[in-house]
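Data first, discussion second: the structure below is written as structure tokens.
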Amino acid sequence: MGQVISAFTPGWPGSISRSADDIVVAMPNRESENDIAFGAPVWLSSDRKGVRNWVSGDTMDGFVGFAVRVPSKTPDAYPGGSMPDAGSRGSWKPGEPVDVLVRGCIVVQAAGAPQQGGQAYLNAATGMVTASAGTNPANLALTGCRFRKETVAGSTAELVLTTRTTV
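Under the numbering used here, the first residue of the sequence shown is numbered 19, with each subsequent residue one higher.
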């Protein structure tokens, strides 16, 4: 007998979910020791010649977009099991060119309970995308980033970048 599935995840973090108007640029990973996880928001490096992970105190001024998952990084990028946790979901290594979505739709790991059209935030304590504005400290509103549809809390979510970042 078959099984009826009533809800599907939108996909793996970093996967482009729709391709009608997505724009992807390649920039070097300027991190010296840390990987940039697929689906992670990235900022311009201090020399403005590459990208890096978010660090406490960053504003939207240096925001570029989200790191894209690419099939050519298999099998290292696709660890075993079903949906990987944030620590094993695949990444760009230091010094590698990073594909960054600057406009379009992408799947991200998200906290909270995203609602369709809801504002996306970056949790100031964890660096994770969330649906919550937070209080003390307030989370960073990712200007031009909205959730595409309602999603189960603590899961992956589809995010729309409505405004292109020019880099």
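The beta carbon of each residue, even a glycine, is placed where N, CA and C say it ideally should be.
Between Ile124 and Phe84 a beta carbon distance of about 5 Å is seen, short of the 8 Å cut, so the two are scored as contacting.
A check of alpha carbon separations from Gly145 across Leu62, Arg164 and Gln127 identifies Gln127 as the nearest. Contact annotation: Gly162 and Val86 have beta-carbon atoms that are not nearer than 8 Å.
For secondary structure counted as the beta strand (DSSP E) over 3 or more consecutive residues, the stretch 113-168 holds these complete runs in sequence order: 115-129, 137-140 and 158-165. Looking at the DSSP output, Phe56 bridges to nothing. Under DSSP, no beta-bridge partner is assigned to Trp72. Asn47 and Asp39 have their C-alpha atoms spaced approximately 24 Å apart. According to DSSP, Ala175 shares a beta bridge with Val126.
With 16 or more other Cβ atoms from the protein chains shown falling within 10 Å of its own Cβ, Arg70 counts as buried. Burial state of Val73 is exposed, judged by a 10 Å Cβ sphere holding fewer than 16 other Cβ atoms. The straight-line gap separating the alpha-carbon atoms of Ala151 and Met45 is approximately 29 Å. Under the three-state reduction of DSSP, Gly108 is assigned to coil, being neither helix nor strand. Across the set Lys167, Ile34 and Asp117, the C-alpha of Lys167 shows the shortest separation from the C-alpha of Ala131. Shown here, Asp79 sits in a helix according to DSSP, grouped into three states.
Leaving aside the five residues that flank Pro115 on each side, the residues in its chain whose CB is nearer than 6 Å to its CB run, in chain order, Ala44 and Pro46. A residue is called buried when at least 16 other Cβ atoms come within 10 angstroms of its Cβ; Glu176 meets this threshold and is buried.
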